[in-house]
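Trainee: There's a structure below that I have some questions on.
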Amino acid sequence: MIDIPKIQKAVVCTGPNQPWTVLTEYPVPHPGPYEVLIKVIAVGLCGGDGVLRSGGMPGLNYPMVAGHEVVGRIVALGSQVHDESANDGSIWRWQAGKPSGMFDGWAWLYRCQVDATDLGYLCISGSDTAHATALTRDGGLAEYTIAHYTALVPYPDNLPSIQAPLLCAGLTCFNALRHAHAKPGDSVLIIGCGGLGHVAIPLSRAMGLRPIVVSRSEAKREAALELGAEAFISSSTNDLVHEIARVVDTPFGGPGTGPGGVNVVLQTAPEEETLKRVADALAMDAEVFLLGEPESMRIDLPLMPFLIKRASIRGWTAGVPMDAHDTLRFCVQTGVRCVVRTTTLMGAEDAYTDMGATRFRTVVVVDPEETQKERDQGLA
């Protein structure tokens, strides 16, 4: 067991629209009965961190440690946490030293009426039972953090800690794709090629689907193709539907579809105008997954393509810890990885403000000795 200090470095947001501040004497938390203490190794930066930054959600607490894509090692167990050495039948058993990922937790619950289903993040029993990492309780941009034991997933030994974004970006895209009705050989139109979109490409490929990227950033064409996109189409093209048809054209289109269309759309970037134009390129029974929010928080779409083609619109946000566990296992098995660059706790604020220029995710390395060990072991 390691010696646990009383104070630590932490990246803290002091209030809405305030820059993140690195505090060098932030108290190390003590785990409650149902919590564990985690020594943090790495934390991904995410567009979702903007909710804490802007104060754009009711119930936020300040000051708050940022960061919800957390990988670390358990160093202490709360008194009521099931120890791995205890044969008590619990599926939630942990031990000190065990590598773990903290579920990004847009709302991980532990007394919720729907918690027994796969919809545990949709709390209907009141805000007192729901917690969101780095929104209602401290996140992971610190040397130590605590988590409720049901908010953890085992982190694979053969996956580097800097793949922390798989716990959020990877989870969101993986979960949407596996809940789609697409079958191998079907096409997936990915709007955007940023933090979400870039990992959606290899995930689609690994599931036997045909990823097509539409983005307003021409600079990402080469990267999208390298990641496995079948085609890259600039959203600024005059005839977007025609360009999509050139890729997915088949002689087997159904009534009202012409010669085919795209089977799944993943809207990973707030390109509302692109989404409107794509409506005419949908196949019969196509599914449109909304994974990212436009600034207006509203989307105006043409109705007729959805009526004629029996298309559906589905919102999707992350998942529950079991989904995160499935995501990590799938990525280990298939070799899917996020493209990341790294920085330190001291560089977290600059990295966040420069997020739009990042290719494609930034990960804050909190424990460089641990990540160096992983590199020495050949983890990639």
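For what it's worth, the numbering used here labels the leading residue of the sequence shown as 335, then goes sequentially. Where is the CB? At the ideal position from N, CA and C, for every residue including glycine.
1) Rounded C-beta distance between Phe694 and Cys672? I'm assuming under 8 Å.
2) Where Asp624 and Glu605 are concerned, what is the direct C-alpha to C-alpha distance, given to the nearest angstrom?
3) Distance, Cα to Cα, Thr705 vs Leu475?
4) Please report how far the alpha carbon of Asp660 lies from the alpha carbon of Ile480, in whole angstroms.
5) Distance check for Thr470 and Arg550, CA to CA, integer angstroms please.
6) Around the C-beta of Pro339, are 16 or more other C-beta atoms found within 10 angstroms, so that it is buried, or is it exposed?
7) If I measure Cβ to Cβ from Pro363 and keep anything under 8 Å in the same chain, skipping five residues before and after, which residues do I get?
8) Answer yes or no: do His402 and Thr355 have a C-beta to C-beta separation smaller than 8 Å?
9) Using a Cβ-Cβ cutoff of less than 7 Å, which residues in the same chain neighbour Pro536 once the five nearest sequence positions on both sides are dropped?
10) State the Cα-Cα distance for the pair Thr676 and Asn351, rounded to the nearest angstrom.
11) Could you give the distance in angstroms between the alpha-carbon of Lys610 and the alpha-carbon of Thr484?
12) State the beta-bridge partners of Leu373 as determined by DSSP.
13) On the premise that Arg644 lies in contact with Met618, defined as a C-beta separation below 8 Å, what is that separation, rounded to the nearest angstrom?
14) Val622 lies in the beta strand (DSSP E); which residues open and close that run?
15) Apart from the five residues just before and just after Pro702, which ones in its own chain have a Cβ nearer than 7 Å to its Cβ?
16) Could you tell me the alpha carbon to alpha carbon distance between Val415 and Tyr368, rounded to whole angstroms?
17) Quick one: give me the first and last residue of the alpha helix (DSSP H) that Phe640 is part of.
18) Here's a check: name, in chain order, each residue in its chain whose Cβ is nearer than 6 Å to the Cβ of Leu357, leaving out the five neighbours to either side.
19) For a test of the three-state rule: what should DSSP assign to Gly528, helix, strand or coil?
Mentor: According to the data block:
1) Indexing the sequence shown from 1 puts residue 694 at position 360. Indexing the sequence shown from 1 puts residue 672 at position 338. Going by Cβ atoms, the distance from Phe694 to Cys672 rounds to 7 Å, so yes, they are a contact pair.
2) On the sequence shown, position 290 is the one that residue 624 refers to. On the sequence shown, position 271 is the one that residue 605 refers to. It should be noted that the sequence gives Leu, not Asp, for residue 624. Rounded to the nearest angstrom, the two C-alpha atoms are 11 Å apart.
3) The residue labelled residue 705 in the question sits at position 371 within the sequence shown. The residue labelled residue 475 in the question sits at position 141 within the sequence shown. Thr705 and Leu475: Cα-Cα distance of roughly 16 Å.
4) Here residue 660 refers to the residue found at position 326 of the sequence shown. Here residue 480 refers to the residue found at position 146 of the sequence shown. Going by the C-alpha atoms only, they are around 23 Å apart.
5) Taking the sequence shown and counting its residues from 1, one reaches residue 550 at position 216. Taking the sequence shown and counting its residues from 1, one reaches residue 470 at position 136. Near 35 Å, if we compare the C-alpha coordinates of Thr470 and Arg550.
6) Reading the sequence shown from its first residue, position 5 is the one you call residue 339. When all chains shown are included, Pro339 counts as exposed.
7) As a first step, residue 363 is located in the sequence shown; it is residue number 29 there, counting from the start. Excluding sequence neighbours, Pro363 sits near Leu371, Asp472, Tyr478, Thr479 and Ile480.
8) Working through the sequence shown from its first residue, we reach residue 402 at position 68. Working through the sequence shown from its first residue, we reach residue 355 at position 21. Cβ atoms of His402 and Thr355: not closer than 8 Å.
9) As a working note, residue 536 is residue 202 in the sequence shown. Leu561, Gly562 and Val670.
10) For the purposes of this step, residue 676 is taken as residue 342 along the sequence shown, with counting starting at 1. For the purposes of this step, residue 351 is taken as residue 17 along the sequence shown, with counting starting at 1. Whole-angstrom Cα-Cα distance: 24 Å.
11) Sequence index remark: in the sequence shown, residue 610 carries index 276 (1-based). Sequence index remark: in the sequence shown, residue 484 carries index 150 (1-based). Their Cα atoms are separated by approximately 40 Å.
12) If you number the sequence shown from 1, residue 373 lands on position 39. It should be pointed out that residue 373 corresponds to Lys in this sequence rather than to Leu. Bridge partners of Lys373: Arg407 and Tyr478.
13) Indexing the sequence shown from 1 puts residue 618 at position 284. Indexing the sequence shown from 1 puts residue 644 at position 310. At roughly 6 Å, the Cβ-Cβ gap stays under 8 Å, so Met618 and Arg644 are in contact.
14) Locating residue 622 in the sequence shown gives position 288, where the first residue counts as 1. Per DSSP, Val622 belongs to the beta strand (DSSP E) from Leu616 to Leu624.
15) Mapped onto the sequence shown, residue 702 falls at position 368. Hits under 7 Å: none found.
16) Here the question's residue 415 lines up with position 81 in the sequence shown. Here the question's residue 368 lines up with position 34 in the sequence shown. Their backbone Cα atoms lie some 5 Å apart in a straight line.
17) Residue numbering aside, residue 640 sits at position 306 when the sequence shown is read from its first letter. Under the DSSP assignment, Phe640 falls in the alpha helix (DSSP H) whose first and last residues are Met638 to Ile642.
18) Translated into the one-based positions of the sequence shown, residue 357 becomes position 23. If we look at Leu357 and ignore the five residues flanking it on each side, its Cβ neighbours are Ala344 and Val346.
19) Indexing the sequence shown from 1 puts residue 528 at position 194. In the structure shown, Gly528 sits in coil (DSSP, three-state: anything other than H, G, I, E or B).
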